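Under the numbering used here, think of the first position of the sequence shown as 213, with each following residue one higher.
Ideal Cβ positions, reconstructed from N, Cα and C, are used throughout, including at glycine.
All values reported here derive from a predicted model rather than from experimental measurement.
For reference, the structure is listed below as structure tokens.
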Amino acid sequence: MTNIMFDILKSPKLSVEEIKSRIKGSIGKNILFYERLISTNTLAYDIAEKSVEGTVVIADSQERGRGRRGRVWVSPPDKNIYMSVIIKPHLISHDFTLITLMSAVACAEALKRLTDLDIRIKWPNDLILNNKKVGGILTELKTYKKKIIFAVIGIGLNVNVDIDIYPQEIRNISTSLWKESGKIYSRSELIAEILNELDYWYGVLQRGDRFKIISEWKSLSCTLGKEVQIRVNNNCYSGFAESIDDEGMLMLRLSSGELKRISVGDVEAF
Ligand code: BTN
């Protein structure tokens, strides 16, 4: 546990200087900070080709934060983390899922270390605390002839927000670090820890050690070993989440006995 907790009830302001002073690797050396943006992912995607790898776009609030499957990511000011990291991995588009899993592992490890809370991952990359979503990751790629030109890893994390201000449908399934612990956290410290952890796990990915990523993801998973329901496009599959394979695909045992390999979708445990 670190000095990340504050007794005051005010969410500390984001400080780029503080984040930079804590950065150990190349991810986060270059930070673009905005009080307000439409979406950090949208800006990061637009500037990625001309930006140095490891550039991070951070906003204190977003006007139209984007979630997965076209959903809105509610992004009020002063309380939460909204950031997008630009990477340029030597990978093919097929490795998309691994980037996603690697990012979730990095976020979960960083949060666990700084907060001591039991952060888990719901396949593929929802960050879960006490069965509710505390954070999400939106990974977007630019590819050319199946090669990845760049990836933007967008991370949204509910930190000091009172989730009761959110619309009912989000409130029912979401939470924040504050809501679960009653503690106010330094967003700057959290951001630096996440970026340092991302730097480490990105190194693992670049070295091709996908098994290390998969095995860490499995140890953090709250999906495996459960009956789950998965929506993939317009189809819905129910079954037992047996494992993920070495490409990060979910292996779902259907009631028919068939083992279905799922690459994208939304998992709901029931
Ligand atoms: C999800 O639906 O679970 C993914 C949510 C990702 C939200 C983050 S906030 C920072 C970045 N910018 C965006 O517009 N979206 C991502």
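Residues near residue i by beta carbon distance below 6 Å, same chain, minus five either side
{"i": "leucine 417", "result": "Met314"}
{"i": "valine 264", "result": "Asn242"}
{"i": "valine 346", "result": "Leu339, Asn370 and Thr387"}
{"i": "lysine 424", "result": "Val416"}
{"i": "serine 475", "result": "Met461"}
{"i": "arginine 358", "result": "For clarity, residue 358 is lysine in the given sequence; the question names arginine instead. Excluding residues within five positions, the ones whose Cβ falls inside 6 Å are Ile304 and Ser305."}
Closer than 7 Å: residue i CB and nearest ligand 1 heavy atom
{"i": "leucine 353", "result": "no"}
{"i": "leucine 350", "result": "yes"}
{"i": "serine 296", "result": "yes"}
{"i": "arginine 248", "result": "no"}
{"i": "aspartate 338", "result": "yes"}
{"i": "tryptophan 335", "result": "no"}
{"i": "glutamine 274", "result": "yes"}
{"i": "glycine 240", "result": "no"}
{"i": "tryptophan 390", "result": "no"}
{"i": "serine 386", "result": "no"}
{"i": "glycine 282", "result": "no"}
{"i": "arginine 278", "result": "yes"}
{"i": "isoleucine 367", "result": "yes"}
{"i": "asparagine 253", "result": "yes"}
{"i": "tryptophan 285", "result": "yes"}
Same chain only: Cβ atoms within 8 Å of residue i, ignoring 5 sequence neighbours per side
{"i": "proline 301", "result": "Asp307, Ile311, Ile360, Ala363, Tyr414, Leu417 and Gln418"}
{"i": "lysine 227", "result": "In the sequence under discussion, the amino acid at residue 227 is serine, which differs from the lysine named in the question. Correct list, in chain order: Ser400."}
{"i": "glycine 430", "result": "Position check: residue 430 holds lysine in this sequence, whereas glycine was assumed. Cβ neighbours of lysine 430 beyond the five flanking positions: Leu436, Ser455 and Ile456."}
Where residue i falls, given that 16 or more other Cβ within 10 Å makes a residue buried
{"i": "leucine 471", "result": "exposed"}
{"i": "lysine 262", "result": "exposed"}
{"i": "methionine 421", "result": "Here the sequence assigns aspartate to residue 421, which means methionine is not the residue at that position. It is exposed - the Cβ of aspartate 421 has fewer than 16 other Cβ atoms within 10 Å."}
{"i": "lysine 438", "result": "exposed"}
{"i": "serine 251", "result": "buried"}
{"i": "asparagine 215", "result": "Bear in mind that a pLDDT of 45 at asparagine 215, under 50, signals an unreliable position, so the number given afterwards is only what the model happens to contain. When all chains shown are included, asparagine 215 counts as exposed."}
{"i": "lysine 222", "result": "exposed"}
{"i": "valine 373", "result": "buried"}
{"i": "serine 296", "result": "buried"}
{"i": "glutamine 274", "result": "buried"}
{"i": "glutamate 229", "result": "exposed"}
{"i": "isoleucine 231", "result": "buried"}
{"i": "glycine 348", "result": "buried"}
{"i": "isoleucine 385", "result": "exposed"}
{"i": "cysteine 319", "result": "buried"}
{"i": "asparagine 428", "result": "For the sequence presented, residue 428 should be read as glutamate rather than asparagine. Glutamate 428 comes out buried."}
{"i": "valine 317", "result": "buried"}
Nonlocal neighbours in the same chain, by C-beta distance under 7 Å from residue i, ignoring five residues either side
{"i": "threonine 355", "result": "Ser305 and Ile361"}
{"i": "aspartate 219", "result": "For aspartate 219, the predicted model reports a pLDDT of 41, less than 50, meaning its position is unreliable and no value from the coordinates is stated."}
{"i": "leucine 255", "result": "Leu249 and Val269"}
{"i": "phenylalanine 482", "result": "With a pLDDT of only 39 at phenylalanine 482, under the threshold of 50, the placement of this residue in the model should not be trusted; the figure read from the coordinates follows. Within the same chain, phenylalanine 482 has close Cβ partners Glu439 and Gln441."}
{"i": "isoleucine 235", "result": "Lys241, Ala404, Leu407 and Asn408"}
{"i": "isoleucine 382", "result": "Val286"}
{"i": "glutamate 392", "result": "Leu329, Leu341 and Asn342"}
{"i": "methionine 463", "result": "Glu454, Ser455, Ile456, Asp457, Leu471 and Arg473"}
{"i": "lysine 291", "result": "Ser223, Val371, Asn372 and Val373"}
Cβ-Cβ separation, residue j to residue i (assumed contact under 8 Å), whole Å
{"i": "serine 433", "j": "arginine 332", "result": "7 Å"}
{"i": "threonine 327", "j": "leucine 389", "result": "6 Å"}
{"i": "glutamate 352", "j": "tyrosine 257", "result": "6 Å"}
Considering only residues of the region 387–414, which uninterrupted beta strand (DSSP E) runs meet the minimum length of 3 residues and lie entirely inside it, listed in chain order? none
Quick one: which unbroken alpha helix (DSSP H) runs of 4-plus residues sit fully inside the region 296–331? Chain order, please. 308–327
In chain order, which alpha helix (DSSP H) runs of at least 4 residues are fully inside the region 419–469? 422–432
As an exercise, report each continuous beta strand (DSSP E) stretch of at least 3 residues that is fully enclosed by the region 221–273, in chain order. 243–249
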